[in-house]
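>
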Amino acid sequence: MTRLAKCRLSCLMLIMGVAVAAAAAAAAAAAAPALAQDKEAILKERQATMKQQGKDLGQIKGYLDGKAGQPAALAGATSLTQTTRKIPSLFPPGTEGTSPDGDYRPKPAVWSDHAKFLDAQQTAAAKADALLAAVKADNKPEIRSAFVDLGKNGCGNCHQTFREKLKP
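When we follow this note's numbering, the leftmost residue of the sequence shown carries the number 1137, and every step to the right adds one.
Next comes the structure, spelled out in structure tokens:
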């Protein structure tokens, strides 16, 4: 290969390298707003799910207090079994941040000790299942016991360990 051919080949390789780098930079720049939008959507879904869980618990509490019927409690308990199972999908890596209402944010341990986080979620899911079984049986003492257990050792345990309250 002649010296001129080697020079042309080197120049061509340099140009191709610059083109590939430019394309990669453009793709990354285009992806950044999409990632930001995805993160924002996840933060909103996370907050909406937690608020729904609060409403679901309220339906069960209403039944226990004689202010709602068993069908409302059953709907709430059924929803809780579904939402507790989707919690891991609401905390993917890169979604650290304050809830849209500014009240809470996940602690870094959600991601740094992810196995413990998943254990807490599985505990909450199992306690939601127990609550649903009690509601289906329409046994108020069992419902009350399962309700307190889920609140303290399911939701409460996870929130104490993995959620930071920002507003008093």
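Virtual Cβ for every residue (Gly too), placed ideally from N, Cα, C.
Buried or exposed for residue 1270, going by 16 or more other Cβ atoms inside 10 Å?
By the 10 Å Cβ count, residue 1270 comes out buried.
> How long is the line joining the alpha carbons of residue 1272 and residue 1291, rounded to whole angstroms?
Approximately 21 Å between the Cα atoms of the pair.
> Is the distance from the Cβ of residue 1268 to the Cβ of residue 1213 below 8 Å?
Against a cut-off of 8 Å, the Cβ pair of residue 1213 and residue 1268 comes out as a contact.
> Does residue 1300 come out as helix, strand or coil in the three-state DSSP assignment?
In the structure shown, residue 1300 sits in a strand (DSSP, three-state: E or B).
> So, at 8 Å on beta carbons, what are the nonlocal neighbours of residue 1241 in its own chain, with the 5 sequence-adjacent residues on each side left out?
The answer, listed in chain order, is 1232, 1233, 1234, 1235, 1299, 1300, 1302.
> Check whether the region 1181 to 1192 and the region 1215 to 1228 touch, using three or more Cβ-Cβ pairs below 8 Å as the test.
The region 1181 to 1192 vs the region 1215 to 1228: in contact.
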